[in-house]
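Colleague:
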Amino acid sequence: MGSRIRVLVAKPGLDGHDRGAKVIARALRDAGMEVVYTGLRQTPEMIVNAALQEDVQVIGLSILSGAHNAIVPRVMELLRQKEMTDVVVVLGGIVPDEDAAELKRQGVGAVFQPGSSLETIVEFIRGAVKQPASLT
Numbered sequence: 001m002g003s004r005i006r007v008l009v010a011k012p013g014l015d016g017h018d019r020g021a022k023v024i025a026r027a028l029r030d031a032g033m034e035v036v037y038t039g040l041r042q043t044p045e046m047i048v049n050a051a052l053q054e055d056v057q058v059i060g061l062s063i064l065s066g067a068h069n070a071i072v073p074r075v076m077e078l079l080r081q082k083e084m085t086d087v088v089v090v091l092g093g094i095v096p097d098e099d100a101a102e103l104k105r106q107g108v109g110a111v112f113q114p115g116s117s118l119e120t121i122v123e124f125i126r127g128a129v130k131q132p133a134s135l136t
């Protein structure tokens with residue numbers, strides 16, 4: 001049995017709507033992943049530092065405020081600075097298609113817009129995370 005996937009779920013910026021992030025966190029936990037939820041109003045620096053301290057494989061950002069074009073590139077930059085390029089970043093929220101395409105070009109693994117199923121998110125993360133080989 002491999003180790004559990006570790007996911008950090010964060011609400012960056014001034015967006016105070018966290019119901020969706022909590023639903024995602026619970027779905028990931030129910031799917032057998034370890035989930036760290038950072039809470040509201042996180043800065044990119046706080047998110048990347050928490051990801052480093054918690055040794056996560058995935059960062060899930062929930063952004064409904066429209067600030068994704070400012071916040072996500074900063075998170076990606078900080079991950080590169082800390083040599084954490086193996087961490088998969090996923091984004092959920094209200095993100096126009098053209099912005100989603102640009103964020104993917106910048107290294108975001110997936111952008112989940114309103115209406116994305118929980119199963120789709122879980123399966124993407126399972127497929128994106130490289131699990132170490134079992135020692136059995």
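In this text, residue positions in the sequence shown follow my numbering: the first is 1, and each later residue adds one.
Beta carbons are placed, not taken as given, at the ideal position from N, Cα and C, and that holds for glycine.
Since this is a predicted model, take the numbers as computed values, not measurements.
Using a 10 Å radius around the Cβ and a threshold of 16 neighbouring Cβ atoms, would you call Leu135 buried or exposed?
Modeller: Low per-residue confidence applies at Leu135: pLDDT is 46, beneath 50, and the placement is therefore not dependable, though the value from the model is reported in the following sentence. Per the 10 Å Cβ criterion, exposed.
Colleague: Here's the rule: buried if 16 or more other CB atoms are within 10 angstroms of the residue's CB, otherwise exposed. What is Leu14?
Modeller: exposed
Colleague: State buried or exposed for Ile71, treating a residue as buried only when at least 16 other CB atoms are found within 10 Å of its CB.
Modeller: buried
Colleague: Answer with buried or exposed for Ala101, where buried requires no fewer than 16 other C-beta atoms within 10 angstroms of its C-beta.
Modeller: With fewer than 16 other Cβ atoms inside 10 Å of its own Cβ, Ala101 counts as exposed.
Colleague: With DSSP as the reference, please indicate the residues paired to Leu91 in a beta bridge.
Modeller: Leu61, Val111
Colleague: Throw me the rounded Cβ distance for the Ser65 and Ala21 pair, which I believe falls under 8 angstroms.
Modeller: In fact, because the Cβ distance is near 13 angstroms, the residues do not count as touching under 8 angstroms.
Colleague: Alpha carbon to alpha carbon, how far is Val36 from Ala51?
Modeller: 9 angstroms
Colleague: How would you label Met1, buried or exposed, when you count the other beta carbons within 10 angstroms and need 16 or more for buried?
Modeller: Bear in mind that a pLDDT of 48 at Met1, under 50, signals an unreliable position, so the number given afterwards is only what the model happens to contain. Result: exposed.
Colleague: Per DSSP, what kind of secondary structure is Arg6 in: helix, strand or coil?
Modeller: strand
Colleague: On a CA-only basis, which of Asp86, Val88, Thr85, Asn69 is nearest Asp97? Give me that one, please.
Modeller: For Asp97, the nearest C-alpha among the options comes from Asn69.
Colleague: Report the partner residues of Val36 according to the DSSP bridge assignment.
Modeller: Leu8
Colleague: Just to confirm my understanding: we take Phe112, look at its own chain, exclude 5 residues before and 5 after, and list those with CB closer than 6 angstroms. What are they?
Modeller: Gly92, Ile121
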